[in-house]
Amino acid sequence: MSGSDSVPVEEIAERVRALMPQVRADLEGLTRIPSISLSAYDQATVRASAEATAELLRAEGLSVEIVSEGGRPAVIGHIDGPPGAPTVMLYAHHDVQPTGEESDWDSPPFEPVERDGRLYGRGAADDKAGIMAHVAALRAHAGRLPVGVTVFVEGEEEIGSDSLPTILERHGERLRADAIVLADSMNWAIGEPALTTTLRGMIRVVVTVSTLDHGVHSGMFGGAVPDALMALVRVLAGLHDDAGDLAVEGLRSGHAADLEFSEERLRAESGLLDGVGTIGSDSLLSRLWTKPAATVIGIDAPTVETASNTLVPTARAKVSVRLAPDEDDLHAFERVKEHLVRQAPWGARVEVELEERGLGFAADADGPVYDAARRAFEDAWGRAPVDIGVGGSIPFVAAFAERFPDAAILVTGVEDPDTRAHGANESLHLGEFERVCVAEAILLARLGELAATGAGTERPERR
């Protein structure tokens with residue numbers, strides 16, 4: 043790592059390295075708090091997680107408040123920088139996903155354990171490592187911050203950020219910044235940093251198919267009377283054409299960056315079984331990042347163990363549809379709804395309910411803030427970052443872009459292709475985590491340098 047400018051890159055990196063043992067200890071402490079924001083779980087743990095996060099920020103000299111606007115507690119902290127310096131807002135979230143079956147984990151999900159250079163535990167990566175990357179950057183500049191910093195740690199990202207619009211409305215002026223770093227994404231590979239410049243949008247719908255007003259004997263009426271479960275299967279099958287592309291008309295589609303991504307890598311990262319082919323057309327990254335896709339994520343139906351010889355009168359399914367980064371989510375819902383209703387066989391009644399929606403994000407990643415970020419990443423990794431898309435949806439990014447149109451938005455992250463966020467055995471690569479912390483600490487210095495040299499923090503154009 044080297045730099046020909048006034049930013050003391052090596053000095054900052056050494057400070058971060060010296061801090062990492064305590065940063066890791068604090069990360070393990072956060073990971074031990076089972077802060078699952080889903081309402082079926084004890085919400086006292088989410089409050090405890092917010093309080094622990096607040097204490098970490100107070101220890102770094104920030105003025106801190108825990109706010110709840112009808113949802114889970116979020117943490118807002120602020121510390122001024124030098125006169126005339128820009129303000130940088132650092133985002134992460136402290137809530138986590140449910141663990142699923144604990145028997146699927148190789149170690150207890152809320153007891154962090156290191157194996158082969160990775161720290162395992164629910165939230166160890168997504169996104170408590172994001173919190174600690176921000177804390178590490180603050181500690182690296184303790185007493186001499188080059189910029190003003192506002193830290194916003196949300197408490198309900200994993201359940202859709204329902205109260206975020208209210209938080210932005212009521213506390214938006216406290217969150218206003220010249221640049222926003224959203225640490226909830228991933229890097230391209232171990233040793234290969236990335237900036238996320240596109241995110242798919244999403245809608246989630248519930249499809250209800252009805253054929254009878256009550257269940258009847260399958261032997262007496264089967265063959266003449268359709269059952270709702272079979273009708274539902276046919277409706278869902280109509281979502282894709284024979285190649286596996288989404289068959290819904292009128293949706294936008296885009297092309298992804300020309301990065302090397304092999305089918306072998308896809309199979310390794312996804313766990314695709316031998317003999318099972320990929321679906322869809324166009325490049326793999328376009329299919330993963332910029333084209334619409336639909337997945338059936340749940341079905342209400344009698345279980346195999348409890349099924350009786352009965353024609354099912356009503357059946358439901360939940361479908362997650364990912365959208366091109368520039369697609370309008372409400373327009374997409376209308377097209378998906380029309381398509382599903384048209385698939386109804388035998389006159390079956392089909393109802394489609396919109397359960398959740400979120401806009402995607404696309405940025406022209408140019409301008410001085412992005413230049414500073416790329417230099418900071420190169421300082422930390424020894425190689426320039428690539429611009430990537432992410433096929434998942436992070437609707438709060440669009441919310442920040444709308445609320446703060448003059449801010450440059452950087453989507454960064456601590457994850458890698460082996461992280462398994464949301465799944466069993468979620469983990470954080472500790473070597474990469476240190477580089478993330480180094481990069482963010484250097485980024486703050488570079489953003490301070492922009493103001494000192496008069497380069498400004500003009501935002502890139504977003505589309």
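Per this note's numbering, residue 43 is the first one in the sequence shown, and the count goes up by one each step.
Quick reminder that beta carbons are idealized off the backbone N, C-alpha and C, glycines included.
Can you check whether the CB of residue j is closer than 7 Å to the CB of residue i?
{"i": "S362", "j": "E200", "result": "no"}
{"i": "L38", "j": "L161", "result": "As displayed, the chain neither begins before 43 nor continues past 505, which places residue 38 out of reach and without an answer."}
{"i": "V196", "j": "H135", "result": "Reading off the sequence, residue 196 comes out as Glu, not Val. Taking 7 Å as the Cβ cut-off, E196 and H135 qualify as a contacting pair."}
{"i": "A422", "j": "A167", "result": "no"}
{"i": "A175", "j": "A231", "result": "no"}
{"i": "L72", "j": "A101", "result": "no"}
{"i": "R114", "j": "E198", "result": "yes"}
{"i": "R294", "j": "E380", "result": "no"}
{"i": "V290", "j": "A390", "result": "no"}
{"i": "A414", "j": "L489", "result": "yes"}
{"i": "V18", "j": "A116", "result": "Outside the shown range of the chain, which is 43 to 505, sits residue 18, and nothing can be said about it."}
{"i": "E311", "j": "P427", "result": "no"}
{"i": "S203", "j": "G455", "result": "no"}
Alpha helix (DSSP H) containing residue i: first to last residue?
{"i": "K32", "result": "Examination of residue 32 is not possible in this model, given that the chain is present from 43 through 505 alone."}
{"i": "E93", "result": "A86 to R100"}
{"i": "T208", "result": "L206 to L217"}
{"i": "R157", "result": "No alpha helix (DSSP H) holds R157; the beta strand (DSSP E) holding it covers V155 to R157."}
{"i": "E376", "result": "D371 to R384"}
{"i": "I54", "result": "V51 to T73"}
{"i": "W331", "result": "L326 to W331"}
{"i": "V277", "result": "A270 to A279"}
{"i": "R416", "result": "P410 to W423"}
{"i": "P437", "result": "P437 to R445"}
So, at 6 Å on beta carbons, what are the nonlocal neighbours of residue i in its own chain, with the 5 sequence-adjacent residues on each side left out?
{"i": "D287", "result": "G322 and S323"}
{"i": "R59", "result": "none"}
{"i": "L210", "result": "R445"}
{"i": "G280", "result": "Q385"}
{"i": "A343", "result": "L271 and A357"}
{"i": "L132", "result": "H176, V193 and V223"}
{"i": "G165", "result": "T73 and V138"}
With a threshold of 8 Å on Cβ separation, who are the neighbours of residue i within its own chain once the five nearest residues in sequence on each side are excluded?
{"i": "Y412", "result": "L237, A450, L452 and P502"}
{"i": "A87", "result": "The amino acid at residue 87 is misidentified as Ala; the sequence shows Thr. The answer, listed in chain order, is I75, P76, S77 and I78."}
{"i": "A178", "result": "V58, L61, M62, V65, C479, E482 and A483"}
{"i": "G264", "result": "L353"}
{"i": "L314", "result": "L308 and T320"}
{"i": "R505", "result": "The pLDDT assigned to R505 is 40, lower than 50, so where the model puts this residue is not dependable; a value taken from the coordinates is nonetheless given after this. The residues are D368, A404, A405 and D406."}
{"i": "R377", "result": "V290, E291, G292 and L293"}
Along the chain, where does the beta strand (DSSP E) that runs through residue i open and close?
{"i": "H471", "result": "S469 to H471"}
{"i": "A166", "result": "It is not in any beta strand (DSSP E) - A166 carries neither H nor E in the DSSP assignment."}
{"i": "G400", "result": "R391 to G400"}
{"i": "S312", "result": "First-last for S312: E305 to S312, but that is the alpha helix (DSSP H), not the beta strand (DSSP E)."}
{"i": "I430", "result": "V428 to V432"}
{"i": "T238", "result": "A236 to L241"}
{"i": "D221", "result": "The sequence shown places Ala at residue 221, not Asp. Residues A221 to M228."}
{"i": "E450", "result": "The residue you asked about is not Glu; residue 450 is Ala in the sequence shown. Looking at the DSSP string, the run of the beta strand (DSSP E) that includes A450 is A450 to E457."}
Bridge partners of residue i, per DSSP?
{"i": "K360", "result": "V248 and G340"}
{"i": "H120", "result": "S105 and T192"}
{"i": "I78", "result": "V138"}
{"i": "T525", "result": "The question about residue 525 has no answer here: the residues shown for the chain are numbered 43 through 505."}
{"i": "T345", "result": "In DSSP, T345 forms no bridge with anything."}
{"i": "L161", "result": "E156 and L470"}
{"i": "V258", "result": "L353"}
{"i": "L365", "result": "G243"}
{"i": "T129", "result": "G190"}
Within a Cβ cutoff of 7 Å, which residues of the same chain sit near residue i, ignoring the five residues on either side of it in sequence?
{"i": "D122", "result": "G190"}
{"i": "A441", "result": "L206, P207 and L210"}
{"i": "W388", "result": "P268 and A273"}
{"i": "L396", "result": "I245, V247 and F375"}
{"i": "S260", "result": "N351, T352 and L353"}
{"i": "S48", "result": "E491"}
{"i": "A127", "result": "P188, V189, G190, G490 and A493"}
{"i": "G45", "result": "The predicted model places G45 with a pLDDT of 42, which falls under 50 and marks its position as unreliable; any figure quoted below should be read in that light. If we look at G45 and ignore the five residues flanking it on each side, its Cβ neighbours are V51 and D421."}
{"i": "L382", "result": "V249, V277, V392 and V394"}
{"i": "P355", "result": "S252, T253, L254, D255, H256, G257 and A270"}
{"i": "R218", "result": "F446"}
Indicate, with yes or no, if the ligand PLP has a heavy atom lying under 6 Å from the CB of residue i.
{"i": "G190", "result": "Inclusion of the ligand PLP in the displayed structure is not the case, the ligand content being empty and no account of it being possible."}
Could you confirm whether any beta carbon from chain B is found closer than 7 Å to the beta carbon of residue i?
{"i": "A335", "result": "Absent here is chain B; the protein component of the structure consists of one chain."}
**Asked** Is there contact here, the region 359-374 with the region 328-340, by at least three beta-carbon pairs under 8 Å?
**Response** These segments touch.
**Prompt:** Touch check for the region 301-316 and the region 270-281: three-plus C-beta pairs under 8 Å?
**Reply:** Short answer: they don't touch.
**Asked** Is there contact between the region 239-254 and the region 422-441, where contact requires at least three CB pairs shorter than 8 Å?
**Response** Three or more Cβ pairs closer than 8 Å define a contact, and the region 239-254 meets that threshold against the region 422-441.
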